[in-house]
Amino acid sequence: MEKEELYELKYVLASYIYPRLKALKDMVDDKKAVTIPNFKNEEYFENKKVSFDLMSEFWSKKLEEMIFPFQYYSFTESFEDMDEEVLKEKIKKGLETFAKYYNDLWI
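So for the sequence shown, the numbering used here puts the first residue at 49; every next one is plus one.
This is how it looks when you write it as C-alpha cells:
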C-alpha cells in the first residue's frame with residue numbers, strides 16, 4: 049500500500065466503491081439481479097402491496113442515494129456548480145444509506 053493512499057483515503061475508497069455500486073444498480077434496473085434484499089419491513093412499504101417490482105424500484109432508489117457520495121469523490125470536478133449545502137446534504141444522506149444497507153449489498 050502506498051502512503052499517499054492514506055492522505056485522502058475517501059478518494060481511494062470511492063474509486064473502488066463507485067463503479068461497483070453503479071454496476072449493482074444497473075443490474076437491478078435491467079432486471080438482471082437474481083435476487084434483491086427483503087424490504088417488507090421498511091416503512092416505505094406500509095399499506096402497499098409488496099411486489100418484486102416495487103422492492104426493485106425501492107432498492108434502485110436507495111442504490112442511487114448510495115452512489116452519489118462515491119461518484120462525487122471520484123469526479124469532484126463534475127460537481128463544481130452544485131450548491132454546497134445541497135452537496136453536503138446529498139453526501140450525508142448517501143453515506144447514511146450506505147451504512148444502513150451495507151449488509152444488503154449482494155446479488
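In this text, a Cβ means the ideal position worked out from N, Cα and C, and glycines have one as well.
*Hey, how far is the Cα of Ala81 from the Cα of Glu137?*
For the purposes of this step, residue 81 is taken as residue 33 along the sequence shown, with counting starting at 1. For the purposes of this step, residue 137 is taken as residue 89 along the sequence shown, with counting starting at 1. Straight-line Cα distance between these residues: approximately 29 Å.
_Between the CA atoms of Met49 and Glu144 - distance to the nearest angstrom_ = In the sequence shown, residue 144 corresponds to position 96, counting from 1. In the sequence shown, residue 49 corresponds to position 1, counting from 1. For Glu144 and Met49, the distance between alpha carbons rounds to 28 Å.
*Alpha-carbon spacing of Lys70 relative to Tyr92, whole angstroms*: Counting from 1 along the sequence shown, the entry for residue 70 is found at position 22. Counting from 1 along the sequence shown, the entry for residue 92 is found at position 44. C-alpha separation (whole angstroms): 23 Å.
_So, with DSSP's three-state summary, where would you put Tyr92?_
Locating residue 92 in the sequence shown gives position 44, where the first residue counts as 1. Tyr92 falls in the helix class under three-state DSSP.
*Assuming Ile139 and Tyr66 form a contact by the criterion Cβ under 8 Å, report the distance between their Cβ atoms to the nearest whole angstrom.*
In the sequence shown, the residue the question calls residue 139 occupies position 91. In the sequence shown, the residue the question calls residue 66 occupies position 18. That belief does not hold up - the Cβ atoms of Ile139 and Tyr66 are roughly 13 Å apart, past 8 Å.
*Please confirm whether Ser108 and Lys58 have their CB atoms less than 9 Å apart.*
For the purposes of this step, residue 108 is taken as the residue at position 60 of the sequence shown. For the purposes of this step, residue 58 is taken as the residue at position 10 of the sequence shown. No.
_Give me the residue from Lys110, Ser122, Phe100, Glu94 with the minimum Cα distance to Lys79._
Numbered from 1 along the sequence shown, position 31 holds the residue referred to as residue 79. Residue Phe100 holds the alpha-carbon nearest to the alpha-carbon of Lys79 among Lys110, Ser122, Phe100, Glu94.
_For Asp77 and Thr83, I'd like the C-alpha separation in whole angstroms._
In the sequence shown, the residue the question calls residue 77 occupies position 29. In the sequence shown, the residue the question calls residue 83 occupies position 35. Asp77 and Thr83: Cα-Cα distance of roughly 12 Å.
*Quick one: grab the DSSP three-state call for Thr145.*
Translated into positions along the sequence shown, residue 145 becomes position 97. Helix, per DSSP.
_Top-ranked residue by Cα proximity to Met75, from Glu94, Asn151, Ser104_ = For the purposes of this step, residue 75 is taken as residue 27 along the sequence shown, with counting starting at 1. Checked all of Glu94, Asn151, Ser104; the closest Cα to Met75 is Ser104.
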